[in-house]
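Report on the following structure.
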Amino acid sequence: MATIVFNAVGFALGGPIGAAIGSLAGRALDQTIFGGAKGREGPRLKELDVQTSSYGSEIPAMFGTMRVAGTVIWATPLNEHVSSDGGGKGRPSQTNYSYGASLAVALSSRPAAQVGRIWADGNLLRGAGGDFKVETGFRFHTGHGDQTADPLIAQAEGTEAPAFRGIAFAVFEDLQLADYGNRIPSLSFELIERDGSVRLVELAREASAGYVDGDAGDQVGGFALAGSARDAVSFIAESAALRLSRDMAGYRFDDEPVSIGSAGDPVIAIGREAVDRPQRSRAPLADFPAAVELRYYDPARDYQAGLQRARRSGGGQDVRRLDFPAAMDAHAAAKLAETLARRSGAEREQLRIAVPYGEQEPRAGRMLAFGGAIWAITEVEHRRGAMMLTARALGARTPITATAVPGRAIREVDEVHGPTTLRLVELPDITRRGVDRPVVAVAANGAQAGWRRAALSIGSSIDALRPIGPTAPAAVMGVLETPLARGSFGLVDVRQAVIIHLIGDDLALGDADREALFTGANLASIGGEVVQFERAVALGGGRYRIERLHRGLFGSAADEATAGAAFLLLEIGRMRLVDEWEVAAGLPLVATAVGVGDTTPAVERLTLNGRATLPLAPVHLTAISQADGSLNIGWVRRSRIGADWSLLVEPPLGEDVEHYRIAISGADGVSLVDDECAGPAYAIASATVAAWRDHGRSPIRIAVRQIGRHGPSTAAEFTCPL
4 MATIVFNAVG FALGGPIGAA IGSLAGRALD QTIFGGAKGR EGPRLKELDV
54 QTSSYGSEIP AMFGTMRVAG TVIWATPLNE HVSSDGGGKG RPSQTNYSYG
104 ASLAVALSSR PAAQVGRIWA DGNLLRGAGG DFKVETGFRF HTGHGDQTAD
154 PLIAQAEGTE APAFRGIAFA VFEDLQLADY GNRIPSLSFE LIERDGSVRL
204 VELAREASAG YVDGDAGDQV GGFALAGSAR DAVSFIAESA ALRLSRDMAG
254 YRFDDEPVSI GSAGDPVIAI GREAVDRPQR SRAPLADFPA AVELRYYDPA
304 RDYQAGLQRA RRSGGGQDVR RLDFPAAMDA HAAAKLAETL ARRSGAEREQ
354 LRIAVPYGEQ EPRAGRMLAF GGAIWAITEV EHRRGAMMLT ARALGARTPI
404 TATAVPGRAI REVDEVHGPT TLRLVELPDI TRRGVDRPVV AVAANGAQAG
454 WRRAALSIGS SIDALRPIGP TAPAAVMGVL ETPLARGSFG LVDVRQAVII
504 HLIGDDLALG DADREALFTG ANLASIGGEV VQFERAVALG GGRYRIERLH
554 RGLFGSAADE ATAGAAFLLL EIGRMRLVDE WEVAAGLPLV ATAVGVGDTT
604 PAVERLTLNG RATLPLAPVH LTAISQADGS LNIGWVRRSR IGADWSLLVE
654 PPLGEDVEHY RIAISGADGV SLVDDECAGP AYAIASATVA AWRDHGRSPI
704 RIAVRQIGRH GPSTAAEFTC PL
């Protein structure tokens, strides 16, 4: 009696040769997970391996949403950027070098919709909002058949520039490499081929050019399809616990069993020839893996590899490890691992049964419901009048309730960089070391918490800008919500408080005791005045009320500041001190900053007055009338490089010579004295005093300035009646 045998996975995708290979491939598929000789391992979890640029590297086809390293398919030599910092007045300048790279990275051998996040050396390069963390140009080409060459590649390669049609790829233009050791980092991309999940049947259909289809509804979040058609389809079937059967149109994935009724329905005779009753046999349980370990890509952990383990009941020590290159959550992976583990124990049972021909013809690969169990048909032997089926048990179709959690994911905070806010301020000599040039500080920050730094340029005008490197780390800055009235320098203002609105919710101000103030804590610039504050009361929403202000420090004027005036916390590590030849008293200065979140540069302008190079105004002015009617005027000088007052020593002069200018005006504003002296005292004769009194000049206004090598100080003034 002639027989024809069809095996479960007799792949005919290879033409006539496939018929001969079919039975071997089918048996190998069934043995891969559930015992016997080791079968194919299928694709590995290698989409996150180190990025390559090797010729002949396979570019997988991406479905759904996956994280992929890609393959570098085009690149230029590194671009060198040069900037200088410092110089002038005999001091050497420092030349800084930075590098950028332009490259194209192939991500998928089929079209994709968009790129989401991008990682460089494991750190976020591009956030979920599309914002880049470092400066770069970026373009994504979807891979459709009508795409044109990238403009940068076309410029470099000319008319021979490839368009890479059919390949989804990303192009970086001048990617700044300073944060990556001036080398091209290892990149990985969140590639979004579509929104939503993808059916495994669709993957098989794509891999086999439509030769494999089916109704199975199993889905994954993403999948990296690679290898030959036969390997890809076979691996999908075995990894996802699907069954592949063949009909006249091709191969199909089926998940509904064919029922042949109860145990009394099988054929027991064909004509006069007896047929064996249903036979069940069992292989030793130890011959089959006791546990299954499934590795997969976990979207909850930024598509890092996850692992779910399931163990069947019974003995045995072998563990089957399976890499499934799909993106799926931990619960779905645990459920799949449990399904594979259950089948590992059930597969040892084999059934041989004869059934009549009918409307639902059992096919190799389909599932069979018989005797209260589910079986996978591995062989169909066609006889005259009946079919002899060989099947393996799949276990009872009981619900799988396996649950799992992805585990803790340590993620980099993904915050939008946002636009840059720039502050350009001229400061007094807050170090008290004595300087010969104006002290100019540049500080920057952003309203959004993701801001880090920006590229800084300075010059005497917009047209004369030149880069000097990056800004300092984010400074604490804001604006006044309430005005600050004029005060007295050197005194603690206990009556006034001012409300500051910081530009970012992540910024904060704090209290400082006297010891902390003495070491420079809570030093701030409000308008043009330098102050310190003892208390900062949080009001919410980035607003603080600062109290107990120490006014007019370092010789700054305790002038009025209106609402909207700039506030900047003066912290040396968070300001960039500009030491350039352009910095000179009387000259204009322009600074610009461009961060990765800026569409236009932030610009600040300032005209310098050289306040740090000027002497401090004298203090303790006195006017003492003498017995003979003369008037002796005296004062105490201060030093911009003074020693600590607590040492009880005379502070150094800080200038080439000690010299003062004294101006006296009458009550009517008429100038009475405009003179200079070499010491902290000035005398007015009795006759002059009497004449002023007789002409109604009283009270008089006295102003004293110390004259230094770079100019006079601000005036110390007071009014004196005669």
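Add 3 to the 1-based position in the sequence shown for our numbering, that's all there is to it. We put the CB at the ideal spot given by N, CA and C, even for glycine.
Q. From what residue to what residue does the beta strand (DSSP E) around Q451 run?
A. As a working mapping, residue 451 is identified with position 448 in the sequence shown. Judged by DSSP secondary structure, Q451 falls outside any beta strand (DSSP E); it is assigned neither H nor E.
Q) Taking the alpha-carbon positions, what's the S316 to P287 distance? A) Here residue 316 refers to the residue found at position 313 when the sequence shown is read from its first residue. Here residue 287 refers to the residue found at position 284 when the sequence shown is read from its first residue. S316 and P287: Cα-Cα distance of roughly 14 Å.
**Q.** Three-state class that DSSP yields for S237 in the structure shown
**A.** Numbered from its first residue, the sequence shown carries residue 237 at position 234. S237 falls in the helix class under three-state DSSP.
Q) By how many angstroms is the C-alpha of A564 removed from the C-alpha of D182? A) Here residue 182 refers to the residue found at position 179 of the sequence shown. Here residue 564 refers to the residue found at position 561 of the sequence shown. Each residue's alpha carbon lies about 40 Å from the other.
Q: Please name the residue in S101, V622, I503 and F557 whose C-alpha comes closest to that of L81.
A: Locating residue 81 in the sequence shown gives position 78, where the first residue counts as 1. Comparing Cα-Cα distances from L81 to each of S101, V622, I503 and F557, the minimum goes to S101.
**Q.** Uninterrupted beta strand (DSSP E) stretches inside the segment 548–582 (no shorter than 3 residues)
**A.** Runs found: 569–572 and 579–581.
(Q) Which residue wins for smallest C-alpha separation from S463, given the options G368, Y360 and A594? (A) Along the sequence shown, one-based indexing puts residue 463 at 460. Taking only the C-alpha atoms, the option nearest S463 is A594.
Q) Can you give the Cα-Cα distance for L106 and I76, rounded to whole angstroms? A) Here residue 106 corresponds to residue number 103 of the sequence shown, with the count starting at 1. Here residue 76 corresponds to residue number 73 of the sequence shown, with the count starting at 1. Across the structure, L106 and I76 are spaced so that their CA atoms are roughly 8 Å apart.
(Q) Tell me which residues share the same chain as V534 and place their Cβ nearer than 7 Å to its Cβ, disregarding the 5 neighbours each side in the sequence. (A) By 1-based counting over the sequence shown, the position of residue 534 is 531. The beta carbon of V534 is closer than 7 Å to those of A527, L552, H553, R554 and L556 in its chain, skipping five residues each way along the sequence.
(Q) Quick test of your reading: A207 and V236, contact by CB under 8 Å. State the CB separation rounded to the nearest angstrom. (A) As a position in the sequence shown, residue 207 is number 204, starting the count at 1. As a position in the sequence shown, residue 236 is number 233, starting the count at 1. Contact holds; Cβ gap of about 5 Å.
(Q) Starting from R129, trace the beta strand (DSSP E) in both directions and tell me its first and last residue. (A) By one-based count along the sequence shown, residue 129 stands at place 126. Its beta strand (DSSP E) spans residues N126 to R129.
Q) Once you ignore the five residues that flank G657 on each side, which residues in its own chain have a CB closer than 8 Å to its CB? A) To locate residue 657, count along the sequence shown from 1; it is residue 654. For G657, same chain residues with a beta-carbon under 8 Å away, outside a window of 5 residues either side, are G437, P618, S642, R643, I644, G645 and G711 in chain order.
Q) Taking C-alpha atoms, which residue in E241, D514 and R517 lies nearest to V204? A) For the purposes of this step, residue 204 is taken as the residue at position 201 of the sequence shown. When each option's Cα is compared against that of V204, the closest is E241.
Q) Under the three-state reduction of DSSP, which class applies to I433: helix, strand or coil? A) As a first step, residue 433 is located in the sequence shown; it is residue number 430 there, counting from the start. In this structure, I433 counts as coil in the three-state DSSP scheme.
Q: Could you check the C-alpha separation between W122 and L190 for me, to the nearest Å?
A: The residue you call residue 122 lines up with position 119 of the sequence shown. The residue you call residue 190 lines up with position 187 of the sequence shown. For W122 and L190, the distance between alpha carbons rounds to 6 Å.
Q.
Buried or exposed, going by whether 16 or more other CB atoms sit within 10 Å of the CB of L590?
A. For the purposes of this step, residue 590 is taken as residue 587 along the sequence shown, with counting starting at 1. Under a 10 Å Cβ-count criterion, L590 is classified as exposed, with fewer than 16 other Cβ atoms of the shown protein chains found around its own Cβ.
Q | Coil, strand or helix - A219 by DSSP | A | The residue you call residue 219 lines up with position 216 of the sequence shown. Taken through DSSP and simplified to helix, strand or coil, A219 comes out as coil.
Q. Would a C-beta distance cut-off of 8 Å place L430 and V416 closer than the cut-off?
A. For this step, residue 430 is matched to residue 427 along the sequence shown. For this step, residue 416 is matched to residue 413 along the sequence shown. Against a cut-off of 8 Å, the Cβ pair of V416 and L430 comes out as no contact.
Q: Would you list the one or two residues that DSSP bridges to Y300?
A: By 1-based counting over the sequence shown, the position of residue 300 is 297. Note: Y300 sits in a beta bridge opposite A308 and A330.
Q) What is the DSSP secondary structure of F141, reduced to helix, strand or coil? A) Position 138 of the sequence shown, counting from 1, holds the residue named residue 141. If DSSP states are grouped into helix, strand and coil, F141 belongs with the strands.
Q: State the DSSP-derived secondary structure class of Q499, mapped to helix, strand or coil.
A: Position 496 of the sequence shown, counted from the start, is the residue given in the question as residue 499. Three-state DSSP puts Q499 in coil, outside helix and strand.
Q: Count the other C-beta atoms from every protein chain shown that fall within 10 angstroms of the C-beta of L505, then say buried if there are 16 or more, exposed otherwise.
A: Mapped onto the sequence shown, residue 505 falls at position 502. L505 should be labelled buried.
(Q) Here's a check: name, in chain order, each residue in its chain whose Cβ is nearer than 7 Å to the Cβ of D124, leaving out the five neighbours to either side. (A) By 1-based counting over the sequence shown, the position of residue 124 is 121. Once the five neighbours on either side are set aside, the close Cβ partners of D124 are Y183, P188 and S189.
Q: Please classify G576: is it buried, with 16 or more other beta-carbons within 10 angstroms of its beta-carbon, or exposed?
A: The sequence position of residue 576 within the sequence shown is 573, counting from 1. It counts as exposed.
Q | Neighbourhood of A266 by C-beta distance below 7 Å, restricted to the same chain and skipping five residues each side | A | In the sequence shown, the residue the question calls residue 266 occupies position 263. In this predicted model, A266 has a pLDDT of only 41, less than 50, meaning its place in the structure is not dependable enough to derive any value.
Q.
Suppose the cutoff is 6 Å on Cβ atoms and the five residues either side in sequence are ignored; what does the same chain contact list for L427 look like?
A. Taking the first residue of the sequence shown as 1, we reach residue 427 at position 424. Contacts found: V445, A594, E607 and L609.
Q) Could you check where the beta strand (DSSP E) with Q179 kicks off and where it finishes? A) As a first step, residue 179 must be located in the sequence shown, where it is residue number 176. A171 to Q179 is the extent of the beta strand (DSSP E) around Q179.
Q. S211: which of G199, L178 and Y254 sits nearest, CA to CA?
A. In the sequence shown, counting from the first residue as 1, residue 211 sits at position 208. In this structure, Y254 is the residue among G199, L178 and Y254 with its C-alpha nearest to the C-alpha of S211.
Q: Decide if the segment 629–639 is in contact with the segment 682–702; the criterion is three or more beta carbon pairs, one per stretch, under 8 Å apart.
A: By the Cβ rule, the segment 629–639 counts as touching the segment 682–702, because three or more pairs are nearer than 8 Å.
Q: Would you kindly work out how many angstroms separate the C-alpha atoms of I3 and A524, rounded to a whole number?
A: Coverage of the chain is limited to positions 4 through 725, which leaves residue 3 absent and any answer about it impossible.
**Q.** Residue burial classification, P114 (beta-carbon count within 10 angstroms, cutoff 16)
**A.** Locating residue 114 in the sequence shown gives position 111, where the first residue counts as 1. Its Cβ being crowded by 16 or more others within 10 Å, P114 is buried.
Q. So what does F66 bridge to, in DSSP terms?
A. The residue you call residue 66 lines up with position 63 of the sequence shown. BP columns for F66 point to F226.
Q: Identify every residue that forms a DSSP beta bridge with N635.
A: The residue you call residue 635 lines up with position 632 of the sequence shown. Paired residue(s): I627 and A686.
Q) What are the start and end residues of the alpha helix (DSSP H) that includes Q117? A) The residue labelled residue 117 in the question sits at position 114 within the sequence shown. That residue, Q117, is in no alpha helix (DSSP H); its beta strand (DSSP E) goes Q117 to A123.
**Q.** Helix, strand or coil at T342 according to DSSP, with G and I counted as helix
**A.** The residue you call residue 342 lines up with position 339 of the sequence shown. DSSP places T342 in the helix class (H, G or I) of the three-state scheme.
Q) So what's S642 in DSSP terms, helix, strand or just coil? A) Residue 642 sits at position 639 when you count from the first residue of the sequence shown. S642 carries a coil assignment under DSSP once its states are collapsed to helix, strand and coil.
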